[in-house]
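A.B. asks:
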Amino acid sequence: MVSNLVEAMEMVIAVFHTYSQQEGDLHKLSRKELQQLLRDQFSAFLSPPDDSQEVDKILAELDENKDGQVDFQEFITLVAVLTVLTNEFFKRSSGDKK
Ligand SMILES: [Ca+2]
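For the sequence shown, the working numbering assigns the number 1074 to the initial residue and increments by one for each residue that follows.
(1) Compare the C-alpha of F1148 against each of L1102, G1141, Q1094, Q1126 and name the closest.
(2) Beta-carbon within less than 7 Å of A1081's beta-carbon, same chain only, minus the 5 sequence neighbours each way: which residues are those?
(3) For F1089, count neighbouring C-beta atoms within 10 Å of its own C-beta (all shown protein chains included) and say buried if the count is 16 or more, exposed if not.
(4) If you count every other CB in all the chains shown that lies within 10 Å of the CB of S1093, and 16 or more means buried, which is it?
(5) Taking one C-beta from the region 1129-1146 and one from the region 1156-1166 each time, how about it: are there three or more such pairs within less than 8 Å?
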C-alpha cells in the first residue's frame, strides 16, 4: 500500500512534469511553463498570477543556478514554502493562539 505522503510526493512530481514536458528541456520549467503552472496551480497564492513581472520575480527567486529555468529541486522549494504558509494559515484559522 502506498502511503498518503508518498502519494502526495508522486503527485508533485507528476504535476511538475506535466508542465516541464511542454517545451525545451523535458525536466525543467521554462519561463512560459512556469507561468502556466503558477496560473493553473497556484492562483490562490499568487496575485496576480498573470502578471508578467510577478512571474519574472518568482523565476529569479527560484532559479538558484541561474540557468533561466526551474528544475525540480528549485520547484520543490516553492512547494515547500507554500506548504509552510498554508500550514500557518490553517493554524491561525483554527483559532490556535501562540
Ligand atoms: Ca534553474
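For every residue, glycine included, the Cβ atom is placed at its ideal position computed from N, Cα and C. Bear in mind that the values here come from a model prediction, so they are computed numbers and not experimental data.
C.D. replies: Walking through what the data contain:
(1) Stepping through the sequence shown from its first residue, residue 1148 is reached at position 75. Considering only alpha carbons, the answer is L1102.
(2) Position 8 of the sequence shown, counted from the first residue, corresponds to residue 1081. Same-chain partners within the cutoff: there are none.
(3) Sequence index remark: in the sequence shown, residue 1089 carries index 16 (1-based). Its Cβ being crowded by 16 or more others within 10 Å, F1089 is buried.
(4) The residue you call residue 1093 lines up with position 20 of the sequence shown. Buried is the call here.
(5) With a cut-off of 8 Å, the region 1156-1166 and the region 1129-1146 do not count as touching, because too few Cβ pairs lie within range.
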